[in-house]
Amino acid sequence: MKSIIQLVVNGESVEIAVEPNRTLLQLLREDLGLTGTKHGCGLGDCGACTVILDGSPVNACLVLAVQARGRQVLTIEGLAENGNLHPIQKAFVDKGAIQCGFCTPGMILSAKALLDTNPKPSETEIRTAISGNLCRCTGYQKIVEAVQEAAEVIQSTEVS
Amino acid sequence: MLLPKFEYHEPTTLEEALHLLSELGGNAKVLAGGTDLLVRMKLNIDKPTHVISIARIPGLDAIVPRDKHGVTVGAGVSAAALSRHELMMDRFTPLALAAGRLGAPMIRNRATIGGNLVNGRPAADLSPACMVLNAKVKLKSATAEKEVSVNEFFRGPGDTAIEPNELMVSINVETPAPWSGGSYIKLGARKTLEISMVNVAALLTLKSADGPIADARIAFGAVAPTPVRAYGAEEFLVGKEPSDEVFQQAGEIGVGLCSPITDHRGTMEYRCMMIEVLTKRALKQALERAKSWKP
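Taken in sequence, the protein lines are chains A and B.
When we follow my numbering, the leftmost residue of the first sequence carries the number 118, and every step to the right adds one.
When we follow my numbering, the leftmost residue of the second sequence carries the number 41, and every step to the right adds one.
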């Protein structure tokens, strides 16, 4: 039986009727058309579906839509402001941290969750933070460099 | 990967949840973090007609210190919360370390201690850690409540002492004695998103900073149908002066207490060798922490 849930997605309140077996990933992609969140393995192994739920990165494929009732969800679509890329997005572009792009939304959100709580992470902390996001193109090095650069940019803009 | 259909229940009190469990029993599965259950449902391994989410029951996700005597960890506490908790890191080190090695960051944000124990997987990260801390799990049904030592909780792969009408509500752990130190080592082919090939938790208590061993506890995962305590190796250590030699001997005794199998993660022979090496390493790390124990 469907139930009506209310949640906040990228700052906007959403009210929608969902079946209990619908995942948060399906809700985002199929009901809301937010296809930036990718469907990879569907089993919590690859991290392509990473979204930030109440401040913590989670695999949207392993969260029921009904479990997100009343909660805040941030997807990759919610990062840019007024058409300007978020510093992490910009650093990924500048550093060539994107190849096929399938892991990128998840990578960026994992990086954002890290930098929100730890603005000056070490390389090990960065690698741990993205350890649940699999990338089959880049070898991770450029992704780590992009997160380092984003951390510096965010730091310097906050100081000035 | 689609989820099959089921009826969903979202109780907001413990009483309501226990009532649902007593009514639905074997047809229902409890949903906590969902990192195991939803995977098993997607793969058609578990086919519950009812799913009872316990995420909206207040208090299940709290870590409550009981004076200096111990701590009560709600069954719904996430692995991430355990791994970051200062008291857990300081006094209940094996559990905090094991929680920090479970799955990957996104999994740790959802996976709960209760779920990890109730699943009864032989390679679970938190089981050996809870065992060396002599944790007791509190199981509640609509009509009764009981406490079971985690050392007697596991019966076989996926099989534990919990009944279908019971809910694990908390895990009670006594604070280890002064001059105690703990460790947890997980061996796999990767650093993350890994199911252990062998894991070892250890807790070592000294009589004083440079005294002999007053108490030792060692538990292994992924080397038998259930996680196992190495009681024989523990007894061997008590009363001895800590040294690489006695730790090595404890590891050799430990191997004899396991019955590992050969599978795609590793061979029986390799696992046996690793039990020996990792026991020694885990005891050395526990010793370092015990020596630097602070009141």
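We treat Cβ as the ideally placed atom computed from N, Cα and C, and that holds for glycine.
The model shown is predicted, which means the values in this text are computed figures rather than measured ones.
7 Å is my cut-off, CB to CB: does residue 175(A) come that close to chain B? By one-based count along the first sequence, residue 175(A) stands at place 58. Chain B contact via Cβ: present.
Any residues in the region 129 to 157 of chain B with a beta carbon nearer than 8 Å to a beta carbon of chain A? Which ones, in chain order? Listed in sequence order: 143, 144, 145, 146, 147, 149 and 150.
Complete runs of the alpha helix (DSSP H) confined to the region 99 to 161 of chain B [at least 4 residues]: Within the region 99 to 161 of chain B, the complete alpha helix (DSSP H) segments of 4 residues or longer fall at 119 to 124, 126 to 131, 133 to 141, 145 to 150 and 153 to 158, listed in chain order.
DSSP three-state assignment for residue 266(B), whether helix, strand or coil: Residue mapping note: residue 266(B) aligns to position 226 of the second sequence, counting from 1. If DSSP states are grouped into helix, strand and coil, residue 266(B) belongs with coil.
With 16 as the cutoff for other CB atoms within 10 Å, does residue 240(B) come out buried or exposed? For this step, residue 240(B) is matched to residue 200 along the second sequence. With a 10 Å radius around the Cβ and a threshold of 16 neighbouring Cβ atoms, residue 240(B) comes out buried.
On the DSSP letters alone, give me the boundaries of the beta strand (DSSP E) that residue 222(B) sits inside. Walking along the second sequence from the start, residue 222(B) turns up at place 182. Per DSSP, residue 222(B) belongs to the beta strand (DSSP E) from 220 to 227.
Find out if the Cβ-Cβ distance for the pair residue 223(A), residue 164(A) is shorter than 7 Å. The residue given as residue 223(A) occupies position 106 in the first sequence. The residue given as residue 164(A) occupies position 47 in the first sequence. Yes, these two residues count as a Cβ contact at 7 Å.
Kindly indicate the opening and closing residues of the beta strand (DSSP E) around residue 243(B). Your numbering for residue 243(B) matches position 203 in the second sequence. Start and end: 238 to 246.
Buried/exposed call for residue 160(B), threshold 16 Cβ in 10 Å: Reading the second sequence from its first residue, position 120 is the one you call residue 160(B). Looking at its Cβ environment, which holds 16 or more other Cβ atoms inside 10 Å, residue 160(B) is buried.
Which class does residue 168(B) belong to by DSSP, given the choice of helix, strand or coil? On the second sequence, residue 168(B) is found 128 positions in, with the first residue counted as 1. Helix at residue 168(B).
Can you list the residues of chain A that residue 224(B) reaches, using a CB-CB cut of under 8 Å? Taking the first residue of the second sequence as 1, we reach residue 224(B) at position 184. Residues of chain A passing the Cβ test: none, with the nearest at roughly 16 Å.
Simplified DSSP state of residue 306(B), which is helix, strand or coil: Counting from one through the second sequence, the residue named residue 306(B) turns up at place 266. DSSP places residue 306(B) in the strand class (E or B) of the three-state scheme.
Hey, is residue 137(A)'s beta-carbon within less than 7 Å of any beta-carbon in chain B? Counted from its first residue, the first sequence places residue 137(A) at position 20. Among the residues facing chain B, residue 137(A) is included, as its CB has a counterpart in that chain under 7 Å away.
Looking at residue 298(B): is its Cβ nearer than 7 Å to the Cβ of residue 260(B)? Counting from 1 along the second sequence, the entry for residue 298(B) is found at position 258. Counting from 1 along the second sequence, the entry for residue 260(B) is found at position 220. The Cβ atoms of residue 298(B) and residue 260(B) sit closer than 7 Å to each other.
Let me make sure I understand the geometry here. Which of 263(A), 275(A) and 231(A) has the alpha-carbon closest to that of residue 172(A)? As a position in the first sequence, residue 172(A) is number 55, starting the count at 1. A check of alpha carbon separations from residue 172(A) across 263(A), 275(A) and 231(A) identifies 231(A) as the nearest.
DSSP has residue 67(B) in a bridge; who is on the other side? The residue you call residue 67(B) lines up with position 27 of the second sequence. In DSSP, residue 67(B) forms no bridge with anything.
Endpoints, alpha helix (DSSP H) assigned at residue 194(B): To locate residue 194(B), count along the second sequence from 1; it is residue 154. No alpha helix (DSSP H) holds residue 194(B); the beta strand (DSSP E) holding it covers 194 to 196.
Return helix, strand or coil for residue 227(A), following the three-state DSSP convention. Sequence index remark: in the first sequence, residue 227(A) carries index 110 (1-based). Residue state, collapsed to three classes: helix.
Along chain B, in chain order, which residues have C-beta atoms closer than 8 Å to that of residue 183(A)? Numbered from its first residue, the first sequence carries residue 183(A) at position 66. Per Cβ cutoff of 8 Å: 48, 50 and 93.
Could you list which residues in chain A have their beta carbon closer than 8 Å to that of residue 53(B), in chain order? Position 13 of the second sequence, counting from 1, holds the residue named residue 53(B). Neighbours of residue 53(B) on chain A: none; closest Cβ ~17 Å, over 8 Å.
Local Cβ density within 10 Å of residue 107(B), reported as buried at 16 or more and exposed below that: As a first step, residue 107(B) is located in the second sequence; it is residue number 67 there, counting from the start. By the neighbour-count rule (16 or more Cβ atoms within 10 Å), residue 107(B) is not buried but exposed.
Candidates 287(B), 302(B), 330(B) and 333(B), of which the one nearest residue 319(B) by Cα: Position 279 of the second sequence, counting from 1, holds the residue named residue 319(B). Checking every option, the nearest Cα to that of residue 319(B) belongs to 287(B).
To be precise: take each residue of the region 74 to 104 of chain B, compare its Cβ to all Cβ atoms of chain E, and keep it if any distance is under 8 Å. Which residues remain? In summary, chain E is missing from the structure at hand, where the protein chains are A and B.
In chain order, which alpha helix (DSSP H) runs of at least 4 residues are fully inside the region 270 to 298 of chain B? Listed in chain order, the complete alpha helix (DSSP H) runs (minimum 4 residues) inside the region 270 to 298 of chain B are 271 to 277 and 284 to 296.
Taking 7 Å as the limit between beta carbons, can you name the residues of its chain near residue 170(B), skipping five residues before and five after? Within the second sequence, residue 170(B) is the residue found at index 130, counting from 1. Setting aside the 5 residues that flank it on each side, residue 170(B) is surrounded in the same chain by 135, 157, 190 and 211, each with a C-beta closer than 7 Å to its C-beta; the list follows chain order.
What is the rounded straight-line gap between the Cα of residue 255(B) and the Cα of residue 130(B)? On the second sequence, residue 255(B) is found 215 positions in, with the first residue counted as 1. On the second sequence, residue 130(B) is found 90 positions in, with the first residue counted as 1. Cα-Cα distance, rounded: 18 Å.
Verify the CB distance criterion: does residue 45(B) have a CB-CB separation below 7 Å to chain A? Residue numbering aside, residue 45(B) sits at position 5 when the second sequence is read from its first letter. Output row for residue 45(B): interface = yes.
Where DSSP assigns a beta bridge to residue 48(B), which residues make up the other side? If you number the second sequence from 1, residue 48(B) lands on position 8. DSSP output for residue 48(B) lists 91(B) as bridge partner(s).
Give me the residue from 206(B), 111(B) and 114(B) with the minimum Cα distance to residue 63(B). Numbered from its first residue, the second sequence carries residue 63(B) at position 23. Among 206(B), 111(B) and 114(B), the Cα nearest to that of residue 63(B) belongs to 206(B).
6 Å Cβ shell around residue 101(B) - same chain, five flanking residues per side excluded: Looking up residue 101(B) in the second sequence gives position 61. Close CB contacts of residue 101(B) within its chain, under the 6 Å cut and outside five residues either way in sequence, are with 114, 116 and 117 (chain order).
Looking at chain A, which residues of the region 228 to 260 of chain B have a Cβ within less than 8 Å of any of its Cβ atoms? Answer in chain order: 231, 232 and 233.
Tell me which same chain residues have a C-beta within less than 6 Å of the C-beta of residue 216(A), skipping the five on either side of it? In the first sequence, the residue the question calls residue 216(A) occupies position 99. For residue 216(A), where only same-chain residues beyond five positions count, the Cβ hits under 6 Å are 254 and 255.
Who are residue 201(A)'s beta bridge partners in DSSP? Here the question's residue 201(A) lines up with position 84 in the first sequence. When beta bridges are read from the DSSP output, residue 201(A) appears opposite 198(A).
Against residue 162(A), what residues of chain B qualify as contacts under a CB-to-CB distance less than 7 Å, listed in chain order? The count along the first sequence starts at 1 and reaches residue 162(A) at position 45. The answer, in chain order, is 233.
Close Cβ partners of residue 127(B) (< 8 Å) along its chain, the five nearest in sequence each way excluded: Taking the second sequence and counting its residues from 1, the one referred to as residue 127(B) is at position 87. Excluding sequence positions up to five before and after residue 127(B), its CB lies within less than 8 Å of the CB of 103, 105 and 111, all in the same chain and listed in chain order.
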